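Going down the list, the protein sequences come from chains Y and W. Count along the first sequence from 1, add 1379, and you get the number used in the working numbering. Count along the second sequence from 1, add 1379, and you get the number used in the working numbering. Yeah, the Cβ is synthetic: ideal placement off N, Cα and C, and Gly gets one too. The model shown is predicted, which means the values in this text are computed figures rather than measured ones. Single-structure report; data block below.
There are 2 protein chains.
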Amino acid sequence: MSNIAYFPKPHVDQRPGKRERTKTANRQAILDAAREVFGELGYDAATVRDIIRRTGLASGTFYNYYKSKEEVFDALADDGARRFRPLLREQSEKATDFESFVRGAILAYFNFVATEQEAWRINRPPGEQIPHARPTPEVTAVFDEVREAFARVLEHAHAPPVDLDYLTTACIAVAREIGDKMLERRPVDTEGAADFAVKLILGGLPALPRL
Amino acid sequence: MSNIAYFPKPHVDQRPGKRERTKTANRQAILDAAREVFGELGYDAATVRDIIRRTGLASGTFYNYYKSKEEVFDALADDGARRFRPLLREQSEKATDFESFVRGAILAYFNFVATEQEAWRINRPPGEQIPHARPTPEVTAVFDEVREAFARVLEHAHAPPVDLDYLTTACIAVAREIGDKMLERRPVDTEGAADFAVKLILGGLPALPRL
DNA sequence: GAGCGTTCGTGACGCCCCGTCATGATCACA
DNA sequence: TGTGATCATGACGGGGCGTCACGAACGCTC
């Protein structure tokens, strides 16, 4: 069969070359496998080889993409933070005041983690511990974005200046831990949990010490 | 040399036998070594043999006392919770109202962690992560004690019923995370941090949704 | 399409840590 | 002093770790 004049591929192909494609595919496959393995075995028990075995790739290939189990875990956290960031930004953009921002952001977070949990914390053994998220770039960015949103909204409302670092830390802490507890309850009630967290924060804000 | 009538030891010795003494000594030595090693290398990098090497004991001896690195870490958390518990109880006993309890408890906690940090988080490499404390018996007991104290104090004040589990979770979350941030600042200001956390919680309490 | 340099998947290898176990020393008790 | 129980010891097999030399597949040029 001749291919003369048969939809000749343009010399400048928009799609990246095969090298690039298999590279991102492998990276993603490792990430997905890691999610599954961490979910099934727990972080401590999981090994690099458990992860790479599931992808069908060779053990050495893992190290072409990540240096260690810790690094692939960080990449997972980074990935989660990266996917959550637009949702957070959406809330901070459409928020008119402090309350609507806090409520929107926390509800968005609770819905996010509820979805994530369904997606990959399938049957983790109870008592198993996942390490605290390390301050990866995206995770730090989420923290910073929350703080900046606080600063913007509070200044716009002519609220007295408070310790923004402590405030951000406290709000994220409450959201994270209430979120965890929420996931343990049946049925999962994101609205109720958000209502609790939001009211705690909003009620506490006016009482905070001023700088 | 004769030992006749030379301060004969009473048959019923109050002190435990040598077996028992070396046993507790070994257990404590392993615990202390683990504290040091976790502090110096971080939790992930530390190995059972790093710990046991520092005690001068044989590697097999470690497993006579703990099943794994995880278990000795849990024992450390348990130990910390056990030492903190009386301080917490003291606050809940001398507290007259909700505010004095929360303020006393949080300040006690902040002073406690500040002291602990001096004692054994000597020069941990930055970014190193220590896992979240697993719900060991003593850790759970602290959580329960806080919740019971909340229940008692709130009922005594005829406050409307709230979601005690969420409230306890949120307060502990705030205390833990603000406490961590506090330790990163110089100078370490336990009073200021406690003031922030207490006012946030106390301000938020009246706004919480009622059951 | 042929040739060439580069990239990257591969799996065997040496290293070290893991948890176990047979052995012997030490202790409690008679 | 004798005897059984307890427990420290360190050697050992198993396995995960991270590396590396090799070769295949790819991109590029002529």
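Helix, strand or coil at residue i according to DSSP, with G and I counted as helix
{"i": "Val-1492 of chain W", "result": "helix"}
{"i": "His-1537 of chain Y", "result": "coil"}
{"i": "Ser-1447 of chain Y", "result": "coil"}
{"i": "Asp-1429 of chain Y", "result": "helix"}
{"i": "Thr-1569 of chain W", "result": "helix"}
{"i": "Arg-1406 of chain Y", "result": "helix"}
{"i": "Ile-1580 of chain Y", "result": "helix"}
{"i": "Pro-1588 of chain W", "result": "coil"}
{"i": "Arg-1531 of chain W", "result": "helix"}
{"i": "Pro-1510 of chain W", "result": "coil"}
{"i": "Leu-1420 of chain W", "result": "helix"}
{"i": "Pro-1395 of chain Y", "result": "coil"}
{"i": "Ala-1437 of chain W", "result": "coil"}
{"i": "Thr-1519 of chain W", "result": "helix"}
{"i": "Ile-1383 of chain W", "result": "The pLDDT assigned to Ile-1383 of chain W is 32, lower than 50, so where the model puts this residue is not dependable, and the model offers no usable value."}
{"i": "His-1390 of chain Y", "result": "For His-1390 of chain Y, the pLDDT reaches just 38, beneath the cut-off of 50, and the residue's location in the model is therefore unreliable, leaving the point undetermined."}
Own chain residues within Cβ distance below 8 Å of residue i, not counting five before or after
{"i": "Asp-1457 of chain Y", "result": "Thr-1515, Pro-1516, Glu-1517, Val-1518"}
{"i": "Leu-1581 of chain W", "result": "Phe-1477, Glu-1478, Val-1481"}
{"i": "Glu-1524 of chain W", "result": "Arg-1464, Leu-1467, Arg-1468, Ser-1471"}
{"i": "Arg-1461 of chain W", "result": "Glu-1517"}
{"i": "Thr-1569 of chain Y", "result": "Leu-1486, Phe-1489, Asn-1490, Ala-1493, Met-1561"}
{"i": "Pro-1387 of chain Y", "result": "Note on Pro-1387 of chain Y: pLDDT 37, under 50, position unreliable in the model; the coordinate value appears next. Cβ within range, chain order: n/a, list empty."}
Residues of its chain near residue i, where Cβ-Cβ distance is below 7 Å and the 5 sequence neighbours each way are ignored
{"i": "Ala-1576 of chain W", "result": "Ile-1485, Val-1553, Ala-1554, Ile-1557"}
{"i": "Arg-1564 of chain Y", "result": "none"}
{"i": "Phe-1522 of chain W", "result": "Thr-1547, Ile-1551"}
{"i": "Pro-1540 of chain W", "result": "Arg-1589, Leu-1590"}
{"i": "Leu-1579 of chain W", "result": "Val-1553"}
{"i": "Asp-1512 of chain W", "result": "Reading off the sequence, residue 1512 of chain W comes out as Ala, not Asp. Counting only Cβ-Cβ distances below 7 Å, and skipping sequence neighbours, we find Ala-1456, Val-1518."}
Extent of the continuous alpha helix (DSSP H) run through residue i
{"i": "Ile-1557 of chain Y", "result": "1543–1563"}
Own chain residues within Cβ distance below 6 Å of residue i, not counting five before or after
{"i": "Tyr-1463 of chain Y", "result": "What sits at residue 1463 of chain Y in the sequence shown is Phe, not Tyr. Contacts found: Phe-1491."}
{"i": "Ala-1408 of chain Y", "result": "Thr-1434"}
{"i": "Val-1327 of chain W", "result": "Missing from the structure shown is residue 1327 of chain W; chain W here goes from 1380 to 1590 and no further."}
{"i": "Ala-1425 of chain W", "result": "Val-1416, Phe-1417"}
{"i": "Ile-1430 of chain W", "result": "Ala-1412, Ala-1413, Val-1416"}
{"i": "Ile-1509 of chain Y", "result": "Tyr-1422"}
heavy atom of the ligand ZN below 6 Å from residue i C-beta
{"i": "Glu-1556 of chain Y", "result": "No copy of the ligand ZN appears in this structure; indeed no ligand is present at all."}
Query raised in the report: For the region 1449–1490 of chain Y, which segments carrying the alpha helix (DSSP H) assignment without a break, of at least 4 residues, lie completely within its bounds, in sequence order?
Result: Counting only runs of 4 or more, we get nothing.
Query - Interfacial residues, the region 1469–1494 of chain Y to chain W, with Cβ spacing under 8 Å - result: Closer than 8 Å at the C-beta level to chain W, one finds no residue of the region 1469–1494 of chain Y.
Query raised in the report: For the region 1426–1457 of chain W, which residues have a CB atom closer than 8 Å to at least one CB atom of chain Y, in sequence order?
Result: For the region 1426–1457 of chain W, the set of residues with a beta-carbon nearer than 8 Å to any beta-carbon of chain Y comprises Glu-1449, in chain order.
**Report entry** Contact list for the region 1556–1574 of chain W against chain Y, Cβ threshold 7 Å
**Finding:** Near chain Y, meaning a CB-to-CB distance below 7 Å, the residues of the region 1556–1574 of chain W are Glu-1556, Ile-1557, Lys-1560, Asp-1574.
Query raised in the report: At a Cβ cut of 8 Å, what residues of the region 1397–1411 of chain Y count as close to chain W, listed as they run along the chain?
Result: Listed in sequence order: no entries.
Query raised in the report: Of the residues that make up the region 1542–1553 of chain W, which ones have a beta carbon closer than 7 Å to any beta carbon in chain Y?
Result: Of all residues in the region 1542–1553 of chain W, only Asp-1542, Asp-1544, Tyr-1545, Thr-1548, Ala-1549, Ala-1552, Val-1553 come within less than 7 Å of chain Y when Cβ atoms are compared, listed by chain position.
Query - Members of the region 1573–1589 of chain Y near chain W, C-beta cut-off 8 Å - result: Correct list: Asp-1574, Phe-1575, Ala-1576, Lys-1578, Leu-1579, Ile-1580, Leu-1581, Gly-1582, Gly-1583, Leu-1584, Pro-1585, Ala-1586, Leu-1587, Pro-1588.
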